[in-house]
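Visitor: Before anything else, here's the structure in question.
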Amino acid sequence: MLALAELGALLLIGLALVPVAAWRRPRRLVLGASGPMVARFTITERRRLRRWFGVDAPAPATSRAARTYLTVRCGVGLLAGGILLLLAWGLVMVGVMFASWLLDIPRSGDRVTGLTILSLILPGLVLLYLAVQGLVGVTGLERWAAARYLGPSRTEALERRIEQLAESRAGVVDAVDAERRRIERDLHDGVQQRLVALGLLLGRARRATDPARAEDLLRTAHEESQGVLADLRAVAWRVYPTALDTLGLEEALTAVAEGSGATLEFAVDEPPPQPVATAVYFVVAEAVTNAVKHAAAGRIRIVVRREPGGDGDLLRVRIRDDGAGGADPRGGGLSGLHRRVAALDGRFSVTSPAGGPTVVVADLPCR
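The numbering of the sequence shown is my numbering, which starts it at 791 and goes up by one.
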């Protein structure tokens, strides 16, 4: 029915163009006036594609592309309608033949026997198979038409992809620079200060004349050296967690969850690529740290699972906490995570209304 309505609309536009086909300005006026009608049909088609075929088709780039799509779609729709009519006619004929056989009602002067029914089963199955294959082919044509005529052209898609890559490259550079500054700050404000304090303690111990005093200073220096080692280990862990290489992603995330009192649901059947695993770890670690340190969250739930996506499998990470909320996605930590995920062609979102809950979601392609 929709294809017939679209065919009628296109014929109406064609009839309106016939008198003005030789003049450019009137022709453009007619096409412009038909734009809202074409747009409504296109919106309906996009909804139909999303509902019945699972195709999330973008809006056509131009009105001409929309008219071209509707023209192709009319042909595909009429073809599908013809196949369905033939299929319905065949089913009706099957019903009539069975009724004639069961009720012993002659058709065209001849009685329908069991042998007649048996002789029609094989041709009927072949025709049914062809009809089903025709409908499958129509489905493929629907997807092809949507991919070909809706959304940007191949050149526009490549241009957008280049822009995305340039943006993600700039984001990676910024993220690396921010990470370098953070490491320098951690080393300067943490490790360096503690090393200075350790040097002072050792110097005082060397100059001490009282053996008991020297013993106390050496004990304090030893404790301080353990603190320096812990700080260095923490800095190195933030640069790259070695547990990802030695234990794997699940064990590394389990350590993060146990350290923060969070619950972890890990449903990944095979190890993801190393860059994806690293990004997942940092997303979880940063989100959990923010929830504990800034949102005073009591319950944190981490879900990591593999899900089918458009171009392959996706690794979806979801962190939900019951904290105070109000997290700013443009903040330093979360914006850095956004750039890290975008560098892998992933999607990153943060939902954090005032009062909570905060939900951080990252989708990373596994390819």
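Glycine is no exception: its CB is placed at the ideal position from the N, C-alpha and C atoms. Since we're looking at a predicted model, the values are computed, not measured.
How far does the alpha helix (DSSP H) with Glu1158 in it extend, from its first residue to its last?
Guide: No answer is possible for residue 1158: the residues shown for the chain start at 791 and end at 1157.
Visitor: Would you list the one or two residues that DSSP bridges to Leu977?
Guide: BP columns for Leu977 are empty, so no partner.
Visitor: For the stretch 882-894 and the stretch 925-942, state whether three or more C-beta atom pairs, one from each stretch, are separated by less than 8 Å.
Guide: no
Visitor: Quick check on the DSSP output: the beta strand (DSSP E) that includes Asp1153 runs from which residue to which?
Guide: 1148-1155
Visitor: DSSP beta-bridge partners for Ala1057?
Guide: Arg1095
Visitor: Express the C-alpha separation of Glu796 and Val810 in angstroms, rounding to a whole number.
Guide: 22 Å
Visitor: Count the other C-beta atoms from every protein chain shown that fall within 10 angstroms of the C-beta of Ala956, then say buried if there are 16 or more, exposed otherwise.
Guide: Under this definition Ala956 is an exposed residue.
Visitor: Counting only C-beta atoms, is Pro826 closer than 9 Å to chain C at any point?
Guide: No chain C is present in this structure, which holds just one protein chain.
Visitor: My understanding is that Gly1049 touches Ala1085, with C-beta atoms under 8 Å, so please give their C-beta distance in whole angstroms.
Guide: With 8 Å as the limit, Gly1049 and Ala1085 do not qualify as a contact, their Cβ atoms being about 16 Å apart.
Visitor: Give every residue of the same chain whose Cβ lies closer than 7 Å to the Cβ of Ala1081, excluding the five residues on either side of it in the sequence, and list them in chain order.
Guide: Ala1087, Ile1090, Asp1111, Gly1113, Thr1148
Visitor: Would you say Leu1154 and Leu1105 are within 9 Å of each other, going by their C-beta atoms?
Guide: Against a cut-off of 9 Å, the Cβ pair of Leu1105 and Leu1154 comes out as a contact.
Visitor: Out of Asp979, Arg1108, Leu819, state which residue places its alpha-carbon closest to the alpha-carbon of Thr1141.
Guide: Arg1108
Visitor: Please classify Leu905 as buried or exposed, where buried requires at least 16 neighbouring CB atoms within 10 angstroms.
Guide: Leu905 comes out exposed.
Visitor: Is there contact between the stretch 994-1007 and the stretch 969-978, where contact requires at least three CB pairs shorter than 8 Å?
Guide: As far as the Cβ criterion goes, the stretch 994-1007 does not touch the stretch 969-978, which means the pair count is below three.
Visitor: Hey, out of Ala1057, Val1046, Val1093, whose CA is closest to Glu1076's CA?
Guide: Val1046
Visitor: Going by DSSP, what residues sit across from Arg1137 in a beta bridge?
Guide: Asp1153
Visitor: Do the stretch 815-833 and the stretch 852-864 touch if we need at least three Cβ pairs shorter than 8 Å?
Guide: yes
Visitor: Is Arg857 helix, strand or coil by DSSP?
Guide: DSSP, read as helix, strand or coil, puts Arg857 in helix.
Visitor: Using the three-state DSSP reduction, which class does Arg1106 fall into: helix, strand or coil?
Guide: Arg1106 falls in the strand class under three-state DSSP.
Visitor: Which of the three DSSP states, helix, strand or coil, is assigned to Ile952?
Guide: helix
Visitor: Which first and last residues belong to the alpha helix (DSSP H) in which Thr906 is found?
Guide: 904-939 is the extent of the alpha helix (DSSP H) around Thr906.
Visitor: Grouping DSSP H, G and I as helix and E and B as strand, with all else coil, what is Ile895?
Guide: coil
Visitor: Have a look at Ala1033 and Cys1156 and give me their C-alpha separation to the nearest angstrom.
Guide: In a straight line, the C-alpha of Ala1033 is about 20 Å away from that of Cys1156.
Visitor: So, under 8 Å CB-CB, Val828 and Ser853 are touching, yes? Tell me the CB distance rounded to an integer number of Å.
Guide: 6 Å
Visitor: Grouping DSSP H, G and I as helix and E and B as strand, with all else coil, what is Asp900?
Guide: Three-state DSSP puts Asp900 in a strand.
Visitor: Report, in whole angstroms, the separation of the C-beta atoms of Phe1072 and Arg1129, which I expect to be a contact under 8 Å.
Guide: The Cβ separation is near 11 Å, so there is no contact.
Visitor: Please go through the stretch 801-846 and give each complete alpha helix (DSSP H) segment of 4 or more residues, from N-terminal end onward.
Guide: For the stretch 801-846, the continuous alpha helix (DSSP H) assignments of 4+ residues that do not extend past its boundaries occur at 814-823, 825-838, in sequence order.
Visitor: For Thr744, count neighbouring C-beta atoms within 10 Å of its own C-beta (all shown protein chains included) and say buried if the count is 16 or more, exposed if not.
Guide: Coverage of the chain is limited to positions 791 through 1157, which leaves residue 744 absent and any answer about it impossible.
Visitor: Is the separation between the beta-carbon of Arg1137 and that of Ala1152 shorter than 9 Å?
Guide: yes
Visitor: Candidates Pro1061, Ala1020, Ala1052: which alpha carbon is nearest Thr790's?
Guide: Because residue 790 is not part of the residues shown, which for the chain are 791 to 1157, the question remains open.
Visitor: In angstroms with no decimal places, state the Cα-to-Cα distance between Gly880 and Tyr919.
Guide: 12 Å
Visitor: For the candidate residues Glu953, Pro1098, Gly844, Leu1054, whose alpha-carbon lies nearest to that of Ala1132?
Guide: Glu953
Visitor: Do the CB positions of Ala851 and Glu835 come within less than 9 Å of each other?
Guide: no
Visitor: How long is the line joining the alpha carbons of Leu869 and Ser909, rounded to whole angstroms?
Guide: 29 Å
Visitor: Compute the Euclidean distance between the alpha carbons of Asp979 and Val1018, then round it to the nearest angstrom.
Guide: CA-to-CA, the gap between Asp979 and Val1018 works out to about 12 Å.
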